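Colleague: In the numbering used here, the protein residues as written are 340 to 533.
Just so it is clear, CB atoms sit at the ideal spot from N, CA and C, and this is done for glycine as well.
Since this is a predicted model, take the numbers as computed values, not measurements.
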């Protein structure tokens, strides 16, 4: 896959368009899980990481009007030299989510599209699980407790469980996916203060 953007350019875009530290952490978390998934599947870790890092590049611009989310990202990415394939994968994480501006008549089909949607959603569940620990650290979270929290619909209620379960469409069980995602975030915990 030729993304048209390298890691240095991706980092520069994040610095230019993302000011909110919470959004920046979410992008870094998504990058980490996407890299871990790429490693697991023998895919290009750098490319999958860039996709995770840039998936919400227009969030700070659209958070007050979520219907515009993913409508500004294509222009931002195109101006930076991004390939259509990169833009299409990024926009795909908003398919079937009426709260954003992505096309609602399309559905994720490619493995990388399911991976991105599931990974970026999983970050919320994992971070919320860390924040309820007495020490508020990712190191205190384990897969069995994460699995239990996944089943509790009231916990991190905005994390769409059906999107997380798209991990099954890429050949992972929920437990495998939770394990890969948790390990990825634990390895970069100091970067996000958890």
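Would you call residue 526 buried or exposed, if buried means 16 or more other Cβ atoms sit within 10 Å of its Cβ?
Modeller: To locate residue 526, count along the chain shown from 1; it is residue 187. So residue 526 ends up on the exposed side.
Colleague: Suppose you measure from the CA of residue 522 to the CA of residue 444; what does that come to, to the nearest Å?
Modeller: Position 183 of the chain shown, counted from the start, is the residue given in the question as residue 522. Position 105 of the chain shown, counted from the start, is the residue given in the question as residue 444. For residue 522 and residue 444, the distance between alpha carbons rounds to 35 Å.
Colleague: Quick one: grab the DSSP three-state call for residue 443.
Modeller: Residue mapping note: residue 443 aligns to position 104 of the chain shown, counting from 1. Coil.
Colleague: Residues in its own chain within less than 6 Å of residue 472 by CB, not counting five upstream and five downstream?
Modeller: By one-based count along the chain shown, residue 472 stands at place 133. Contacts found: 479.
Colleague: Between the region 429-445 and the region 348-356, do at least 3 Cβ pairs fall closer than 8 Å?
Modeller: The region 429-445 vs the region 348-356: no contact.
Colleague: Alpha carbon to alpha carbon, how far is residue 515 from residue 504?
Modeller: Numbered from its first residue, the chain shown carries residue 515 at position 176. Numbered from its first residue, the chain shown carries residue 504 at position 165. Cα to Cα, the separation comes out at about 11 Å.
Colleague: Cα separation between residue 518 and residue 373?
Modeller: Against the chain shown, residue 518 aligns to sequence position 179. Against the chain shown, residue 373 aligns to sequence position 34. Computed Cα separation, rounded: 13 Å.
Colleague: Could you work out which residue in 508, 466, 475 and 477 is closest to residue 495 when comparing CA atoms only?
Modeller: Along the chain shown, read from residue 1 onward, the residue named residue 495 stands at position 156. Nearest C-alpha to residue 495: 466.
Colleague: Quick check: does the Cβ of residue 417 come within less than 7 Å of any heavy atom belonging to the ligand FAD?
Modeller: The ligand FAD is not part of this structure, which contains no ligands at all.
Colleague: Assuming residue 412 and residue 397 form a contact by the criterion Cβ under 8 Å, report the distance between their Cβ atoms to the nearest whole angstrom.
Modeller: As a position in the chain shown, residue 412 is number 73, starting the count at 1. As a position in the chain shown, residue 397 is number 58, starting the count at 1. Contact flag correct, Cβ pair sits at about 4 Å.
Colleague: Suppose contacts are defined by Cβ-Cβ distances below 8 Å. Is residue 535 in contact with residue 392 by that definition?
Modeller: With the chain represented from 340 up to 533, any question about residue 535 goes unanswered, as that position is not in the structure.
Colleague: Could you pull the start and end residues of the alpha helix (DSSP H) that residue 484 belongs to?
Modeller: Indexing the chain shown from 1 puts residue 484 at position 145. Unbroken alpha helix (DSSP H) run through residue 484: 482-490.
Colleague: Compare the C-alpha of residue 370 against each of 342, 426, 458 and 430 and name the closest.
Modeller: For this step, residue 370 is matched to residue 31 along the chain shown. Nearest of 342, 426, 458 and 430 to residue 370, Cα basis: 458.
Colleague: What residue range is occupied by the uninterrupted alpha helix (DSSP H) comprising residue 427?
Modeller: The residue given as residue 427 occupies position 88 in the chain shown. 423-431 is the span of the alpha helix (DSSP H), which, as asked, contains residue 427.
Colleague: From residue 385 to residue 341, what distance separates their C-alpha atoms?
Modeller: Taking the first residue of the chain shown as 1, we reach residue 385 at position 46. Taking the first residue of the chain shown as 1, we reach residue 341 at position 2. C-alpha separation (whole angstroms): 11 Å.
Colleague: From residue 379 to residue 368, what does the alpha carbon distance come to, in whole angstroms?
Modeller: Walking along the chain shown from the start, residue 379 turns up at place 40. Walking along the chain shown from the start, residue 368 turns up at place 29. C-alpha separation (whole angstroms): 17 Å.
Colleague: Could you tell me the distance, in whole angstroms, from the CA atom of residue 508 to the CA atom of residue 388?
Modeller: Within the chain shown, numbered from 1, the residue matching residue 508 stands at position 169. Within the chain shown, numbered from 1, the residue matching residue 388 stands at position 49. Answer to the nearest angstrom: the Cα atoms are 19 Å apart.
Colleague: Would you kindly report the start and end of the unbroken alpha helix (DSSP H) that includes residue 364?
Modeller: Position 25 of the chain shown, counted from the first residue, corresponds to residue 364. Residue 364 -> alpha helix (DSSP H) spans 360-380.
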